[in-house]
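Colleague: Residue numbers (this note's numbering): 6 to 168. Beta carbons: idealized from backbone N, C-alpha and C, even for Gly. My questions all concern the structure below.
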């Protein structure tokens, strides 16, 4: 994947070895507790975002478009909101901005950010990790990217084992 980290996703860091990620907790739209293990068998672009984060808000339409373009049984964008004050605000913001292809995930305690920080992967927002089908980290990006670009699609397709 490393040669495909270029152009709009050039800042993606591809680890030398694909290590398993630890327990990463968040909730679904229904409030049900989830972990990355619930997505085993599917490649995931895990993204942490907040409504108060300007680069996060600017990145959301591209994540929405990536999910629309490549999302399905093999791949899913899992954008986890970490707003801590008003749990209704992120849902309202997504609706107002036409973000309609992403499932709502949240961690209003923001513990997920601390979990990733403990792994050396949470230094600011947005933060994105490409996670393989077995739960291994395939790539990491601290900061925003143009996830709906051809470069991003090529990177995700490589993570999926497709050309």
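What runs of the alpha helix (DSSP H), each 4 residues or longer, lie entirely inside the region 101-149?
Modeller: DSSP runs (the alpha helix (DSSP H)) wholly in the region 101-149: 116-123.
Colleague: Can you give me the Cβ contacts of residue 154 inside the same chain, cut-off strictly under 8 Å, excluding the 5 residues immediately before and after it?
Modeller: If we look at residue 154 and ignore the five residues flanking it on each side, its Cβ neighbours are 12, 13, 14 and 67.
Colleague: Could you have a look at residue 38 and say whether DSSP puts it in helix, strand or coil?
Modeller: Strand at residue 38.
Colleague: Looking at C-beta atoms only, is the number of pairs between the region 76-91 and the region 36-52 that lie closer than 8 Å three or more?
Modeller: Taking 8 Å as the limit for Cβ pairs, the verdict is that the region 36-52 does touch the region 76-91.
Colleague: Is there a Cβ from chain B that is less than 9 Å from the Cβ of residue 7?
Modeller: Considering every chain present, this structure includes no chain B. It has just one protein chain.
Colleague: Residue ranges of each beta strand (DSSP E) run of no fewer than 3 residues wholly in the region 47-86, ordered along the chain?
Modeller: Qualifying beta strand (DSSP E) stretches, in chain order: 48-54 and 80-86.
Colleague: In the DSSP assignment, what are the bridge partners of residue 30?
Modeller: 40.
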